[in-house]
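A short write-up of the structure that comes next.
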Amino acid sequence: MTKLYRPSVLYGIIVLITITLLASSCSARMESGKTATEDEEGSGGARTKTFQAVNGNIEVPEKPERIVTLAPNYAGYLLAMGIKPIGVPDFTFGNPYLKPKLEGVANLGANAATEPTVEQILELKPDLIIALTTLKNTEQLQKIAPVVTFETVKNNKELLLDLGKLTNREAEAKAWLAKWEAGIDGYKSQVQSIAKGKTFSILYPSAKGIYVFREGYGRGTEILYGDFGVEMPEAAKRAFEPGKGFVMVSLEKLPELAGDYIFASPWLGDAAGAATVYESAIWKGLPAVKEGRAYQVDYNIFTFSDPYSWEGQLDIILDKLLPGRQKQ
Numbered sequence: 000m001t002k003l004y005r006p007s008v009l010y011g012i013i014v015l016i017t018i019t020l021l022a023s024s025c026s027a028r029m030e031s032g033k034t035a036t037e038d039e040e041g042s043g044g045a046r047t048k049t050f051q052a053v054n055g056n057i058e059v060p061e062k063p064e065r066i067v068t069l070a071p072n073y074a075g076y077l078l079a080m081g082i083k084p085i086g087v088p089d090f091t092f093g094n095p096y097l098k099p100k101l102e103g104v105a106n107l108g109a110n111a112a113t114e115p116t117v118e119q120i121l122e123l124k125p126d127l128i129i130a131l132t133t134l135k136n137t138e139q140l141q142k143i144a145p146v147v148t149f150e151t152v153k154n155n156k157e158l159l160l161d162l163g164k165l166t167n168r169e170a171e172a173k174a175w176l177a178k179w180e181a182g183i184d185g186y187k188s189q190v191q192s193i194a195k196g197k198t199f200s201i202l203y204p205s206a207k208g209i210y211v212f213r214e215g216y217g218r219g220t221e222i223l224y225g226d227f228g229v230e231m232p233e234a235a236k237r238a239f240e241p242g243k244g245f246v247m248v249s250l251e252k253l254p255e256l257a258g259d260y261i262f263a264s265p266w267l268g269d270a271a272g273a274a275t276v277y278e279s280a281i282w283k284g285l286p287a288v289k290e291g292r293a294y295q296v297d298y299n300i301f302t303f304s305d306p307y308s309w310e311g312q313l314d315i316i317l318d319k320l321l322p323g324r325q326k327q
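Residues in the sequence shown are numbered consecutively from 0, following numbering that gives the first Met the number 0.
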């Protein structure tokens, strides 16, 4: 005999079946719509995303919190976006603008940019490691945390934006750049007026020769050649090898390579080595030197390339080129 259900019971069964089917359908849609950027989870349960780096498409935390930067200049980029790294190379602590902001940050040693001590980084428990392509032990470090590498020579503004994307701080990166560009615009026409028809050189003298730098390798190059758009001597441009940010030339070659304006600093801070150039007849005979347009600047200030260093370098450049200016 077939069992008959009362209408109320039958209705309840239908509702239950409908809810079950809807729940299953929703779950299936969520699974099929999952993306690496928003929903993928790492072993620790934190959300991850895929970042396109020089060393490939790397799965990184969506919001990294413990970052080790092996690129000596990158700590300043992170700090400008409100991120304090947990470990940096020894070289970074030589930056007078950054040192006060690095209290409690681990010093990873002099070789950290190329071959850091794996055990030391392991103790820091990073969730992201940022490095340059010169890093030698990438495979070992990848067992600790995702490793993202960048080229050694890269446009400073692009780098800040890329680091913003990597660390989920794009808004902060864009805000810093907007403020910076507004400051540059306030002086650009004045600098370009002085620079019209003139050339500029950034030189690091040493006992062995003179290092010449172009845009993308710190030393104020990003500001002069990039933001203000001043020109380098044509002969100096031809001296560079592809992909290289600096070249060493002999003292004898300097007259044909030096610009009408010179910013100079001792190579590796070696004042005695630089003095062999500064005291030479060739240096003293350069038009820029004879006419008071050769400026010797502090190695510890001009060598670094990061937002805080740019601010300090900009002040020095403007003080030299626009003496008596009204500061904004």
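By construction, the Cβ of each residue, glycine as well, lies at the ideal position given by its N, Cα and C atoms.
Quick caveat, the model's predicted, so the values are computed rather than measured.
Rounded C-alpha distance that separates residue i from residue j
i: Ala206; j: Ser279; result: 11 angstroms
i: Tyr307; j: Leu160; result: 16 angstroms
i: Pro241; j: Glu233; result: 15 angstroms
i: Glu114; j: Val288; result: 41 angstroms
i: Tyr210; j: Glu150; result: 21 angstroms
i: Ala177; j: Leu223; result: 18 angstroms
i: Lys252; j: Ala263; result: 16 angstroms
i: Asn370; j: Trp282; result: Nothing about residue 370 can be read from this structure; the chain reaches only from 0 to 327.
i: Leu320; j: Ala235; result: 22 angstroms
i: Trp179; j: Gly196; result: 26 angstroms
i: Glu214; j: Phe301; result: 13 angstroms
i: Glu118; j: Glu290; result: 55 angstroms
i: Leu256; j: Gly272; result: 20 angstroms
i: Glu122; j: Glu169; result: 29 angstroms
i: Glu138; j: Ile128; result: 12 angstroms
i: Val104; j: Lys326; result: 33 angstroms
i: Thr198; j: Asn299; result: 25 angstroms
i: Tyr216; j: Ala45; result: 36 angstroms
i: Ala174; j: Gln189; result: 25 angstroms
i: Ile143; j: Asn136; result: 12 angstroms
i: Leu285; j: Lys153; result: 31 angstroms
Buried versus exposed call for residue i [16 or more other C-beta atoms within 10 Å across all chains shown]
i: Ala293; result: buried
i: Glu40; result: Caution is warranted here: a pLDDT of 46 is assigned to Glu40, below 50, making its placement in the model unreliable, and no coordinate value can be reported.
i: Ala274; result: exposed
i: Lys48; result: buried
i: Asn155; result: buried
i: Pro322; result: exposed
i: Ala130; result: buried
i: Gly75; result: buried
i: Thr220; result: buried
i: Pro99; result: exposed
i: Pro204; result: buried
i: Leu140; result: buried
i: Asp259; result: buried
i: Arg237; result: exposed
i: Thr116; result: exposed
i: Ser200; result: buried
i: Pro84; result: buried
Run of the beta strand (DSSP E) containing residue i, from where it starts to where it stops
i: Phe262; result: Tyr260 to Ala263
i: Pro332; result: The structure shown does not extend to residue 332, since the chain spans only 0 to 327, so no value can be given for it.
i: Leu97; result: Unbroken run through Leu97: none, as it is neither H nor E.
i: Leu127; result: Leu127 to Leu131
i: Val229; result: Per DSSP, Val229 belongs to no beta strand (DSSP E) and is neither H nor E.
i: Tyr294; result: Ala293 to Gln295
i: Tyr210; result: Ile209 to Phe212
Where the alpha helix (DSSP H) through residue i begins and ends
i: Phe301; result: Tyr298 to Phe301
i: Val190; result: Glu169 to Ala194
i: Ile281; result: Ala280 to Lys283
i: Glu58; result: Taken as a continuous stretch (DSSP letters only), Glu58 belongs to no alpha helix (DSSP H), being part of the beta strand (DSSP E) at Gly55 to Pro60.
i: Ile120; result: Val117 to Leu123
i: Leu162; result: Asn155 to Thr166
i: Thr137; result: Thr137 to Gln141
Top-ranked residue by Cα proximity to residue i, from the options
i: Asn94; options: Ser192, Pro125 and Gln312; result: Gln312
i: Thr148; options: Trp309, Val59 and Ile261; result: Val59
i: Asp226; options: Gln139, Thr133, Glu310 and Leu127; result: Glu310
i: Gly165; options: Tyr298, Ala52 and Gln325; result: Residue identity differs from the one stated: residue 165 is Leu in this sequence, not Gly. Leu165 has its Cα closest to that of Ala52, out of Tyr298, Ala52 and Gln325.
i: Pro265; options: Ala194, Asp318 and Val276; result: Val276
i: Thr133; options: Ser192, Phe50 and Asn110; result: Asn110
i: Val248; options: Leu202, Met231 and Thr137; result: Leu202
i: Glu61; options: Asn167, Val67 and Ser192; result: Asn167
i: Leu317; options: Ala112, Val67, Ile193 and Phe303; result: Ile193
i: Ile261; options: Asp269, Asp314, Lys153 and Val296; result: Val296
Residue i Cβ short of 7 angstroms to the ligand NAP heavy atom set
i: Ala45; result: This structure lacks the ligand NAP; in fact it carries no ligand of any kind.
For residue j and residue i, believed in contact at Cβ under 8 angstroms, the rounded distance
i: Leu107; j: Leu78; result: Their Cβ separation, rounded to whole angstroms, is 17 angstroms, which puts Leu107 and Leu78 out of contact at 8 angstroms.
i: Pro71; j: Pro88; result: 5 angstroms
i: Pro145; j: Arg65; result: Going by Cβ atoms, the distance from Pro145 to Arg65 rounds to 12 angstroms, so no, they are not a contact pair.
i: Gly163; j: Glu171; result: 6 angstroms
i: Leu250; j: Gly208; result: 7 angstroms
i: Phe239; j: Val246; result: 5 angstroms
i: Ile120; j: Gly86; result: 7 angstroms
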